[in-house]
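A short write-up of the structure that comes next.
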Amino acid sequence: MRSIDPDMLAAIKKHKELQDADSGVPSTLSENRLQQDRLAPHWSAGAPQVASVSDTTIQINGVERHIRIYRPLTVDPAAVILFLHGGGWARGTISTGDWACHTFAAETNLTVISLAYSLAPEAPFPAAINDIRAAMDWCAENGSALGFDGRRIFLTGTSAGGNLSLTAALARRQHGEFMPIGLGLLFGIFGDNLDTDSYRQYGPGQYGLSHSRMEQYFKWYVPTGTVSRDPLISPLYADLSGLPATFIGIAEFDVLRDDSFLLAGKMAATSTPLTVRYYEGLAHGYAMYARAVPAAQRALSETAVFFRDVTSNCRER
């Protein structure tokens, strides 16, 4: 049996130490969210250089949503990256995706916008998807003033953010709306089967995400009267044809590993241009830990190459 990357393991242990030094493992969801914001600066310190990072709010679906805009040193106006953080649809903040967003802006020269979408259980399915659809429309309306083509949007995210990137694209297709030009799906949630080999291997949570936590996330996200097999919750049950170019990043030591393998298999049977990368030795959440894990930074850089390649193809059309 392979061993986890030692830098990855050290980063997971370091995060636990930071939690213990802060206030221990929070007992409530609201406390957990606040702690994540407090710990995030440790993991974003020394991130790849960009020209500016600015926080603002936008009006979507009748409410204000927080966004963070990352401007690269040299701006390529051809497209924009809309980033969606992880956290089981219920946790996580735009700060937890800070390092990945710096990397994508620095290595693609594209503007990156990180969206603080609605969180469950206060706002269960499909609130976050509707926020993302509306944020894409906001980009289309405001992109010119902000210096990018707002109808050329990459949707990308980690864990639940990977799920939302894909399901928002499916929802836009369903509603006849303009589609993203590419999807970056990093160690995402794609199905409701919590009895795969990877769940059985890593379900105890020895490398972070656990079976019990995923059960809780589904309970928070899926409202009463809705089934978890809804294709906009578990896209493994969706028609995956006609989607834009897609990158799937898979972590070896992750309960969600097999979700990504199953998704890759289904998408390979369609005409969608597909890039799949399997990262041996890495664990769930590798994007946040890239500061301390060189293999994780290389994984993010491979995702950035995908964004650059798709942007070049769009430019040539």
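Residues in the sequence shown are numbered from 1 upward in steps of one, following UniProt numbering.
Every residue, glycine too, gets a C-beta built ideally from N, C-alpha and C.
No experiment lies behind these values; they were computed from the predicted model shown.
Cutoff 6 angstroms; reference residue i; Cβ partners in own chain excluding five residues on either side
i	result
W220	A90, A120 and P121
S241	T270
residue 344	One cannot answer for residue 344 here, as it falls past the ends of the chain, which runs 1 to 317.
D55	R68
I248	L185, S260, A264 and V276
P48	H102, T103 and A106
I113	I67, I69 and L82
V53	Y70
T57	E64 and H66
F190	P235, L236, D259 and L263
G97	F83, H85 and S114
residue 324	The displayed coordinates of the chain run from 1 to 317. Any statement about residue 324 would go beyond what the structure contains.
Q297	A290
D76	N109 and L110
S95	D37 and A40
Residues sharing a beta bridge with residue i, DSSP
i	result
R68	D55 and S114
L84	L115 and G157
I60	V63
Sequence-distant residues of its chain with Cβ nearer than 8 angstroms to residue i (five each side left out)
i	result
S228	D192, F218, V222 and S234
S23	E31 and Q35
D131	I60, N61, R65, L115, Y117 and S118
G281	R2, S3, I4, D5, M8, E252, F253 and A295
G143	V80, D149, G150 and R151
I250	F187, R257, S260, F261, A264, V276, R277, Y278 and Y279
F306	G182, G184, A245, F247 and T275
V50	Y70, R71, P72, L73, H102, A105 and A106
Nearest-angstrom beta carbon gap, residue j and residue i [assumed within contact, 8 angstroms]
i	j	result
V80	I153	6 angstroms
G188	N163	5 angstroms
H284	L209	4 angstroms
T246	T272	6 angstroms
T93	R33	7 angstroms
F83	C101	5 angstroms
H78	R315	Before going on, a small fix: residue 78 reads as Ala here, not His. Yes, they are in contact, since the Cβ atoms of A78 and R315 sit about 5 angstroms apart, within 8 angstroms.
A160	G87	6 angstroms
A238	A11	Actually they are not in contact, since the Cβ atoms of A238 and A11 sit about 33 angstroms apart, beyond 8 angstroms.
G147	T196	Actually they are not in contact, since the Cβ atoms of G147 and T196 sit about 43 angstroms apart, beyond 8 angstroms.
Chain C contact for residue i (CB, 9 angstroms cutoff)
i	result
T272	Any reference to chain C falls outside this structure, which holds one protein chain only.
Cβ shell of residue i (< 7 angstroms), same chain only, five flanking positions each side left out
i	result
G62	none
residue 319	With the chain running from 1 to 317 in the structure shown, residue 319 is simply not present.
V310	I181, G182 and A245
D230	none
M267	L240, T246 and L274
V25	Q19
M179	A169, R172, R173 and P244
L300	A100, T103, A287 and A290
Problem set entry | Runs of beta strand (DSSP E) lying entirely within the stretch 9 to 51, each at least 3 residues, in chain order | No beta strand (DSSP E) of 3 residues or more sits fully in the stretch 9 to 51.
Exercise. Which whole runs of the beta strand (DSSP E) in the stretch 153 to 215 are 3 residues long or more, in chain order?
Worked result: 153 to 158 and 182 to 186
Exercise. Would you call the stretch 93 to 113 and the stretch 70 to 83 touching, i.e. three or more CB-CB distances under 8 angstroms?
Worked result: yes
Exercise. At what residue ranges does the stretch 221 to 309 contain a whole run of the beta strand (DSSP E), taking only runs of 3 or more?
Worked result: 245 to 253 and 274 to 283
Exercise. Contact between the stretch 271 to 291 and the stretch 37 to 44: three or more CB pairs below 8 angstroms?
Worked result: Result yes; three or more Cβ-Cβ pairs closer than 8 angstroms.
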